[in-house]
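One structure below.
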Amino acid sequence: MTVIDKPHLTRDHVLSLLTGMIRIGKFEDKCAELYQQEKIRGFLHLYDGEEAIAAGVIPVLRRDDKIVATYREHGQALARGVPMTCVMAEMYGKAEGCSGGRGGSMHIFDKAANFYGGNAIVGGGLPLAVGIALADHMRGETHVTACFFGDGAVAEGEFHESMNLAALWNLPVLFVCENNGYAMGTALDRYESETDIHQKAASYKMESRIVDGMDVVAVEAAARAAVQHIREFGRPVFLECRTYRFRPHSMFDAQLYRSKDEIEAWRKRGPIVRFQSWLLANHLLHEEDIARIETEVDAEIAEAVAFAEAGTWEPEADLLKHTMAEPLPDPAPTTPSGETVETTYREAAKQGIRDAVQRDPRTFLMGEDVGAYGGCYAVSKGLMAEFGEDRIRDTPLSESGYTGAGIGAAANGMRPIVEVMTVNFSLLALDQILNTAATIRHMSGGQLGVPVVIRMATGAGKQLAAQHSHSLEGWFAHIPGLKVLAPATLEDARGMLWTALEDPDPVLIFENVMLYNRTGLLDTNAGPVNISKAAIRRAGTDVTLITYGGSLYKTLEAAETMAKEGIDAEVIDLRVLRPLDDATIMASLGKTRRAVIVDEGWKSGSLSAELAARIQKQVFWHMDAPVERVCSAEVPIPYPAHLEQAAIPQVAQIVVAAKATLGRR
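Take any residue in the sequence shown, note its place counting from 1, add 540, and you have its number in this note's numbering.
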């Protein structure tokens, strides 16, 4: 029989609970005042009315447990023990803030406190919490990850994807829904067909309970029982804390969607008033106790404001700081064995995954059909039998959920390889890639990194029609905070993953579908390769052909075709699409003075346009001809084979473009 660890309402304990709520309430009041004075800017979401939830849940957690919060996270940060001075400085945007001033009100991080930050994206923290818990689960650790979110998040797909993953994988997550009755300005019964939110979680076969979120004692009792259940059974628990925010959704909100009478009725039974009145009525505290608490909190707030006011602004010279970590040195080249084996690009990529999982216990592969099925393109075939279901982990069809989980696991010390089946599916995970993976280092002031590798198949040529034939590498290469790779050779297919997994930042690897069956010779001692430089695949003097991925071999063929006509083309394989290796490109153009860019992406707003702009800026006066571009036609990729081939770059087009730079037909 399980014995529940119940709270004991001693004088010291009730003092602690009341002090915790008063600290949060008064801090929020001061923030509202400072916002009116324009000392705090941006969106400001206050926790006024919800204090009992943070004060009741967070002290139950251990210091080695983790917390993922929302954009209304000031109260949670204070309850966790993040110094009020540092929280206030962050609200100001000062360098002394707990996120170095980079996060502001909605993105408070404190790695030392295992506080994994607020999240401005509704529901965006849910997959992150699942991944953090997954990392602990895989290491056999008994930590709990508490994830706070509002009622509005339950309408998001990420909510359902996260509930399913946590229940499916038996993860130690405490989901805390702060149901304040409104998603921004829309009442719960206007946006949810099922307003009993806990029922949604219960449908995923997890423990799910309703709590009076205005009663700090009830919240604490429920939190103790939930945490004890998670530690004992290793399964998630869901708490729906029914509460009410007294202030607007944010300080921009005119709050026209509810009446003043409604707000005042809730204020009369607010958590601080309610608990304080009960304590006085039962003689557990006296008026002088409350006066002393308020005086001490007022002094703490005054100190925090003074600290923030005296804080410094980060210099503009540090603008790019914390976008990415300092680059690692390139790996030492492996010594060739002199023995080669004939293999395919697919097998080279598989060997890269096998090496990674064997080499590092933190590494695992996760994605749709990567295990029992062996991967959509058979890259991971046989690996589940070799390494087991824990390390080769099949996921549901929930790209945002499992990609976010991979990001969370990476933030918590693992080295996951996330496979998104095809590049078009990555758009379902774009929120997690763009808003979480690419930003956490920056928003946390460098405290947290996301060493995750995300692989996906890309490109056209297999008659898969418009929805499965995208080349979107250039889109992702637009995003600061990511590294974007496009391996074209067997060596890169095998070795880029090795180096990427050692990188402290998120790395995306795009594998062109037309390369998987390509065969060649690979040295038996092939190992890690650099992920920082372009490669000259063919030296030449007359024109530089710049390409990457699946177009490399067409470009090499075009160069050989032109060689028969006396044109000596140099071929550059970009390999790394972000950051681009300008030095190699410009050095080549200093020699050939002519450029053709071959890019399977669409021309408008493409990677080829970025390259052309850089060439124009850096070596314009050295060029003897305008830059030519060979890109996919501005049309969704057609299904018929002849139209598909006509839509993407071909050898003949490359030859024509190269001759144009030479004034030849």
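Idealized CB from N, CA, C, for every residue including glycine.
In this text the structure is predicted, and so the values were computed from the model without any measurement.
Alpha helix (DSSP H) containing residue i: first to last residue?
i	result
residue 1143	Looking at the DSSP string, residue 1143 is not in any alpha helix (DSSP H), and its letter there is neither H nor E.
residue 941	939–951
residue 847	827–850
residue 667	665–678
residue 704	697–708
residue 997	Careful: residue 997 lies outside any alpha helix (DSSP H), inside the beta strand (DSSP E) at 993–998.
residue 569	551–576
residue 626	624–632
residue 1130	1122–1132
Are the beta-carbon atoms belonging to residue i and residue j less than 8 angstroms from one another?
i	j	result
residue 790	residue 1025	no
residue 1116	residue 1074	yes
residue 737	residue 694	yes
residue 852	residue 651	no
residue 985	residue 640	yes
residue 595	residue 716	no
residue 957	residue 905	yes
residue 812	residue 786	no
residue 1201	residue 1066	no
residue 944	residue 992	no
residue 876	residue 1063	yes
residue 590	residue 753	yes
residue 558	residue 833	yes
residue 597	residue 759	yes
residue 1138	residue 1085	yes
residue 999	residue 1053	yes
residue 1198	residue 1123	no
Using a 10 Å radius around the Cβ and a threshold of 16 neighbouring Cβ atoms, would you call residue i buried or exposed?
i	result
residue 769	buried
residue 689	buried
residue 1009	buried
residue 550	exposed
residue 922	exposed
residue 574	buried
residue 887	buried
residue 862	buried
residue 1253	Nothing about residue 1253 can be reported from this structure: the residues present for the chain run from 541 to 1205 only.
residue 1164	exposed
If you compare alpha carbons, which of the options is closest to residue i?
i	options	result
residue 599	686, 671, 672 and 843	686
residue 932	810, 682, 668 and 901	901
residue 744	729, 704 and 779	704
residue 721	742, 873, 783 and 756	783
residue 659	977, 1143 and 867	977
residue 1088	1029, 1101 and 1068	1029
residue 989	621, 803, 748 and 672	672
residue 771	754, 712 and 809	712
residue 669	698, 644, 680 and 648	698
residue 1142	1165, 1123, 1126 and 1188	1188
residue 615	601, 602 and 586	586
residue 604	965, 561, 590 and 676	676
residue 1027	1051, 588 and 827	1051
residue 1156	1145, 1054, 1135 and 891	1135
residue 1190	1133, 1093, 1106 and 1111	1093
residue 1179	1006, 1082 and 1047	1006
residue 927	1090, 869, 895 and 1182	895
residue 890	588, 792 and 924	924
What is the residue span of the beta strand (DSSP E) that residue i lies within?
i	result
residue 1078	1075–1078
residue 733	Taken as a continuous stretch (DSSP letters only), residue 733 belongs to no beta strand (DSSP E), as it is neither H nor E.
residue 747	747–752
residue 805	Per DSSP, residue 805 belongs to no beta strand (DSSP E); it is in the alpha helix (DSSP H), 800–807.
residue 956	955–962
residue 894	Premise fails: residue 894 lies in the alpha helix (DSSP H), 885–899, not in any beta strand (DSSP E).
residue 1025	1023–1025
Using C-beta distances below 7 angstroms, list every residue in its chain close to residue i, excluding the 5 sequence neighbours before and after it, in chain order.
i	result
residue 541	The pLDDT assigned to residue 541 is 38, lower than 50, so where the model puts this residue is not dependable; a value taken from the coordinates is nonetheless given after this. Answer for residue 541: no residue qualifies.
residue 618	563, 564, 567, 624 and 627
residue 543	Below a pLDDT of 50, predicted positions are generally treated as unreliable, and residue 543, at 48, falls in that range; the measurement from the model is reported next regardless. Taken in chain order, the list of residues that qualify is empty.
Taking 7 angstroms as the cut-off, is the beta-carbon of residue i closer than that to any non-hydrogen atom of the ligand ATP?
i	result
residue 771	You won't find the ligand ATP in this model; it holds no ligand whatsoever.
Quick one: residues in its chain with C-beta nearer than 6 angstroms to the C-beta of residue i, no 5 flanking neighbours on either side, listed in chain order?
i	result
residue 726	none
residue 1193	1170
residue 995	959 and 1049
residue 1068	871, 1035, 1038 and 1039
residue 709	none
residue 1056	885, 886 and 917
residue 613	648 and 658
residue 553	none
Ignore the nearest five residues each way along the sequence and tell me which others in residue i's own chain have a CB closer than 8 angstroms to its CB.
i	result
residue 643	630, 637, 649, 657, 658, 983, 984 and 985
residue 1195	1098, 1101 and 1102
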